[in-house]
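What follows is one structure encoded as structure tokens, with my remarks underneath.
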Amino acid sequence: MLAAGVPVLALVAAVHGLDIGDNTQPTKSGIPTWVDVDTPKEVYTKATSRGGSWDLVMSDEFNAATRNFTAGEDHLWTALDIPDGVNRAIGVYKPSHAYTEDGNFVIRIDSGDVDISFYNVWANVPAWTKKKMYYTAAMVQTWNKFCIQGGFVEIAMKLPGRHQQTKGPP
């Protein structure tokens, strides 16, 4: 099991920190549109190594226990429901493997056979093809929701630990 911790912060220089959302109606709280209301105020600005400052434009504390990352359900993240077709991959991505738990965003990885079928456009004669995959995990994205064009991204995460006799390698 892979657990990515919190928070996810996107800090960009003020000149790049434009919120392209509808800013004609400012939020009543004064907190920018993409900043989680539970993000501590002390991280709203960060000093750069060159004497400038970064302004927080996006954060997610992942503290709502019932977040659903299925397409169309979350305001910021979408968990994909596709097989991984890159570099002879052997896994599939499922929204059920991305969830929040105890204030953390969790990506669960399971091993086990998964039979899939897909339309293979790269075959000599394109056709539906069957394939066996061996892992199920999650992939999340912010495509068409939030885009960073430059700046600083800070992520606190916990990756799988050391090799254990009962669980195998991380």
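So the sequence shown is numbered by my numbering: it starts at 3 and just counts up by one. All C-beta atoms, glycine included, are put in the ideal place defined by N, C-alpha and C.
Look up residue i in the DSSP assignment and say whether it is helix, strand or coil.
i           : result
residue 51  : coil
residue 94  : strand
residue 168 : coil
residue 44  : helix
residue 143 : strand
residue 56  : strand
residue 76  : coil
residue 84  : strand
residue 38  : coil
Taking the beta carbon of residue i as the centre, do at least 16 other beta carbons fall within 10 Å, making it buried, or is it exposed?
i           : result
residue 60  : buried
residue 37  : buried
residue 76  : buried
residue 155 : exposed
residue 120 : exposed
Going by the beta-carbon positions, is the gap between residue i and residue j smaller than 8 Å?
i           : j           : result
residue 56  : residue 43  : no
residue 116 : residue 138 : yes
residue 118 : residue 88  : no
residue 140 : residue 99  : yes
residue 83  : residue 97  : yes
residue 127 : residue 71  : no
residue 58  : residue 147 : no
residue 80  : residue 73  : yes
residue 69  : residue 41  : no
Give the range of the beta strand (DSSP E) segment to which residue i is assigned.
i           : result
residue 131 : 129-139
residue 156 : 154-157
residue 103 : 100-103
residue 112 : 112-122
residue 107 : 106-109
Open item on the list: Taking contact to mean 3 or more Cβ pairs, one atom from each stretch, closer than 8 Å, check whether the segment 64-84 and the segment 102-109 are in contact.
Closed with: By the Cβ criterion, the segment 64-84 is in contact with the segment 102-109, since at least three pairs of Cβ atoms, one from each stretch, lie closer than 8 Å.
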